[in-house]
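Beneath this line is the structure, given in structure tokens, with notes to follow.
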Amino acid sequence: MSGISRRRFLAASVAGCAATTLAGSKKALAAGSFSGYPDGMGVLVDLTRCIGCRSCEAACNKEQNLPAPEKPFDDKSVFDETFHGGKQKRRPDENAYTVVNRYDVESQSKPLYRKVQCNHCAEPACLSSCFVNAYTKTPEGAVVYNSKVCVGCRNCMIACPFNIPGYSYSSAFDPVVKKCIMCYDTRLKNGLPPACVEICPQEALTFGKRKDLIKIGHQRIQTHPGRYVNHLYGEKELGGTHWMYLSSVPFEEVGFDPNPGNEPIINNVKDFLSTVPMVLAIWPAMFTGFHLLAKKQEGHGDHEHDVEEHHDEEGGAQ
Amino acid sequence: MSAKQILTTLMTALAFVMAVTMAQAFENVPDQVSIGAMTQYFDGVEFDHEMHTELGEDCSVCHHHATGTGTTDDRCVRCHADSDEVAEVGCSACHAVDTFSAEHINREAADVYQFHIDTPGLKAAYHWNCIGCHEQMDGPTGCQDCHARTPEGDAFYHADAQASAAGKGGH
Numbered sequence: 042m043s044g045i046s047r048r049r050f051l052a053a054s055v056a057g058c059a060a061t062t063l064a065g066s067k068k069a070l071a072a073g074s075f076s077g078y079p080d081g082m083g084v085l086v087d088l089t090r091c092i093g094c095r096s097c098e099a100a101c102n103k104e105q106n107l108p109a110p111e112k113p114f115d116d117k118s119v120f121d122e123t124f125h126g127g128k129q130k131r132r133p134d135e136n137a138y139t140v141v142n143r144y145d146v147e148s149q150s151k152p153l154y155r156k157v158q159c160n161h162c163a164e165p166a167c168l169s170s171c172f173v174n175a176y177t178k179t180p181e182g183a184v185v186y187n188s189k190v191c192v193g194c195r196n197c198m199i200a201c202p203f204n205i206p207g208y209s210y211s212s213a214f215d216p217v218v219k220k221c222i223m224c225y226d227t228r229l230k231n232g233l234p235p236a237c238v239e240i241c242p243q244e245a246l247t248f249g250k251r252k253d254l255i256k257i258g259h260q261r262i263q264t265h266p267g268r269y270v271n272h273l274y275g276e277k278e279l280g281g282t283h284w285m286y287l288s289s290v291p292f293e294e295v296g297f298d299p300n301p302g303n304e305p306i307i308n309n310v311k312d313f314l315s316t317v318p319m320v321l322a323i324w325p326a327m328f329t330g331f332h333l334l335a336k337k338q339e340g341h342g343d344h345e346h347d348v349e350e351h352h353d354e355e356g357g358a359q
Numbered sequence: 670m671s672a673k674q675i676l677t678t679l680m681t682a683l684a685f686v687m688a689v690t691m692a693q694a695f696e697n698v699p700d701q702v703s704i705g706a707m708t709q710y711f712d713g714v715e716f717d718h719e720m721h722t723e724l725g726e727d728c729s730v731c732h733h734h735a736t737g738t739g740t741t742d743d744r745c746v747r748c749h750a751d752s753d754e755v756a757e758v759g760c761s762a763c764h765a766v767d768t769f770s771a772e773h774i775n776r777e778a779a780d781v782y783q784f785h786i787d788t789p790g791l792k793a794a795y796h797w798n799c800i801g802c803h804e805q806m807d808g809p810t811g812c813q814d815c816h817a818r819t820p821e822g823d824a825f826y827h828a829d830a831q832a833s834a835a836g837k838g839g840h
């Protein structure tokens with residue numbers, strides 16, 4: 042009798058343990074969502090204002106002490122450069138954290154220019170993918186990284202939905218990831234706008250709190266009928282970005298992914314990742330339970346004590 | 670970068686200080702306006718105000734509702750159809766030099782009833798007005814058509830011979 046009750050007790054314990062852990066993990070999942078830093082700073086990029094002067098590229102180069110460019114920053118021939126069979130325009134890399142590309146769109150006589158740099162996601166995929174925690178989303182809004190702990194795995198380059206992080210392939214011994222940090226170290230944390238924003242002659246880049254830029258963006262769309270497509274890119278995309286865009290043509294015509302979804306990249310794996318602690322917590326208890334149950338079944342009935350002694354002897358013999 | 674350099678960069682990059690030459694009486698318009706200088710990378714602009722007024726355009730094209738005939742812009746006349754002339758018609762009276770400084774951003778945010786939450790800074794106000802009009806009227810639109818680049822500006826754009834040689838040598 043006592044053996045049966047003990048077995049029931051064990052089974053009940055395992056079930057109870059699993060139920061508790063499952064319930065716990067659901068709570069953890071709910072608490073894991075992050076609403077971002079609305080008071081964090083960002084930049085509203087207005088493509089209709091940019092004249093393609095590339096001063097932002099020059100300012101970035103100077104501020105971040107990047108190597109001298111192959112062509113001067115007032116050379117407009119870079120706009121004709123394409124890669125991968127003409128499909129790919131210039132992209133930021135280890136030597137340039139921002140680039141401006143020209144788009145000749147059919148619907149208007151003047152070309153549009155699009156500045157490319159890190160969009161400083163509210164919930165950055167690069168940060169989620171980094172297993173050494175090199176990345177930080179600062180309350181000021183910037184996504185920064187500590188290259189001293191970067192091991193060069195390049196997970197972030199694959200994770201980034203905007204293909205932003207560059208990699209110092211040219212460094213033989215200490216290659217690390219390199220990208221725009223919104224001038225966090227030298228400017229943002231001191232209350233100054235990024236160097237690119239400050240140099241822009243056209244205020245194509247508007248610096249401000251993300252929550253204010255959202256208001257300004259929608260106001261511009263409203264007060265200039267016909268000038269913009271009714272979409273503030275980055276307000277909702279991928280959980281929201283701190284760099285947002287206004288355009289006079291649909292965003293796919295100027296190189297944007299028109300529908301990246303509104304969920305942060307982390308949400309694709311959050312459900313899976315939340316089961317990892319559950320597995321770690323439950324499996325030892327569960328398999329210990331199975332093990333004990335299996336042993337108990339061997340000694341079913343009134344010979345419990347004899348069997349246990351017998352097992353001990355077996356163990357000793359081995 | 671030292672604090673002094675940061676300060677210098679900030680001051681000079683934003684130093685689009687406009688000095689309206691008010692030698693004449695208040696009601697007289699200036700013939701010449703010195704649009705300060707972005708002394709770091711570009712020289713200042715001696716704006717021929719007289720020539721531009723002689724183009725026959727309405728004052729409001731540049732000065733909005735601040736002076737002259739008043740604005741006719743559909744967006745503005747709702748409130749400013751009968752607005753009085755303002756005491757200070759210089760651009761910098763409304764368009765801030767330090768538009769993205771923390772101080773300016775916080776000051777704007779504190780003014781919760783402000784309607785004009787998106788007023789461009791001084792530098793943008795000039796460039797929009799000048800380039801926008803010049804594009805329509807076939808005026809000059811290139812950077813150096815209006816202000817000459819300084820040697821420091823050449824270095825900034827890596828457009829000086831030395832810098833571009835170094836750049837080519839590096840690759």
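First to last, the protein sequences are chains R and D.
Start counting at 1 in the first sequence, then tack on 41, and there's your number in my numbering.
Start counting at 1 in the second sequence, then tack on 669, and there's your number in my numbering.
Even glycine gets a Cβ: it sits at the ideal position worked out from N, Cα and C.
Contact list for residue i against chain D, beta-carbon separation under 7 angstroms
i              : result
R261 (chain R) : D787
V238 (chain R) : F769
F120 (chain R) : Within chain D, no residue comes near F120 (chain R); the closest Cβ sits about 15 angstroms away, beyond 7 angstroms.
P152 (chain R) : Within 7 angstroms Cβ-Cβ: nothing; P152 (chain R) doesn't reach chain D, min ~13 angstroms.
P234 (chain R) : F769
Unbroken alpha helix (DSSP H) run spanning residue i, endpoints
i              : result
Y795 (chain D) : 791-806
F825 (chain D) : 820-825
G258 (chain R) : 251-264
V730 (chain D) : 729-732
S169 (chain R) : 166-170
Q813 (chain D) : 812-815
R776 (chain D) : 771-779
Limits of the unbroken beta strand (DSSP E) element including residue i
i              : result
V746 (chain D) : Looking at the DSSP string, V746 (chain D) is not in any beta strand (DSSP E); the run it does join, the alpha helix (DSSP H), is 743-749.
L85 (chain R)  : 82-87
L287 (chain R) : 284-287
Test item: CB-CB of residue i and residue j under 8 angstroms
i              : j              : result
H161 (chain R) : H283 (chain R) : yes
C94 (chain R)  : P242 (chain R) : yes
L287 (chain R) : G258 (chain R) : yes
C191 (chain R) : S170 (chain R) : no
F825 (chain D) : K103 (chain R) : yes
V33 (chain R)  : P291 (chain R) : Because residue 33 (chain R) is not part of the residues shown, which for chain R are 42 to 359, the question remains open.
E239 (chain R) : F769 (chain D) : yes
I371 (chain R) : C159 (chain R) : This structure does not reach residue 371 (chain R), given that chain R is present from 42 up to 359, and the question cannot be answered.
L229 (chain R) : E181 (chain R) : yes
T139 (chain R) : K112 (chain R) : no
G77 (chain R)  : D134 (chain R) : no
L85 (chain R)  : M285 (chain R) : yes
T788 (chain D) : H764 (chain D) : yes
C194 (chain R) : C167 (chain R) : no
T264 (chain R) : L254 (chain R) : no
Cross-chain neighbours of residue i in chain R, by beta carbon under 7 angstroms
i              : result
Y782 (chain D) : Simply none; closest approach about 14 angstroms.
C812 (chain D) : C94
H718 (chain D) : Under the 7 angstroms cutoff, chain R gives no residues; its nearest Cβ is about 21 angstroms from H718 (chain D).
H796 (chain D) : P242, Q243
Residues that DSSP places opposite residue i in a beta bridge
i              : result
W324 (chain R) : BP columns for W324 (chain R) are empty, so no partner.
I240 (chain R) : Beta-bridge pairing links I240 (chain R) to no other residue.
R155 (chain R) : R:N142
Y269 (chain R) : Partner(s): none; Y269 (chain R) has no beta bridge.
S248 (chain R) : Sequence inspection shows Phe at residue 248 (chain R); the Ser mentioned does not correspond to that position. Paired residues: R:V84.
Y274 (chain R) : R:Y286
C162 (chain R) : R:T282
Chain-ordered neighbours of residue i on chain R, where CB pairs are closer than 8 angstroms
i              : result
R744 (chain D) : T264
G790 (chain D) : E244
A765 (chain D) : The premise fails here: A765 (chain D) is roughly 11 angstroms from chain R at the closest Cβ pair, so nothing lies under 8 angstroms.
Chain-ordered chain R contacts of residue i [CB-CB under 9 angstroms]
i              : result
A779 (chain D) : None at all; the shortest Cβ gap to chain R is about 12 angstroms.
I800 (chain D) : I92, P242, Q243
I704 (chain D) : Result: empty, since nearest Cβ-Cβ is about 13 angstroms, beyond 9 angstroms.
Contacts of residue i in chain D (Cβ-Cβ under 8 angstroms)
i              : result
F114 (chain R) : F825, Y826, H827, A828
K256 (chain R) : I786
K103 (chain R) : F825
A99 (chain R)  : F825, Y826, H827
D87 (chain R)  : None at all; the shortest Cβ gap to chain D is about 10 angstroms.
Partners in chain D for residue i, counting only beta-carbon separations shorter than 9 angstroms
i              : result
G249 (chain R) : F769, I774, E777, A778
D253 (chain R) : I774, E777, A778, I786
beta-carbon residue i near the ligand GTP non-hydrogen atom, thresh 7 angstroms
i              : result
P789 (chain D) : The model depicted lacks the ligand GTP and carries no ligand whatsoever.
Which full runs of the alpha helix (DSSP H) of 4+ residues lie inside the segment 92-149 of chain R, going along the chain? 96-104, all fully within the segment 92-149 of chain R.
I'd like the ranges of any beta strand (DSSP E) spanning at least 3 consecutive residues and lying wholly in the segment 173-222 of chain R. Counting whole runs of 3 or more residues, the segment 173-222 of chain R contains the beta strand (DSSP E) stretches 176-178, 184-186.
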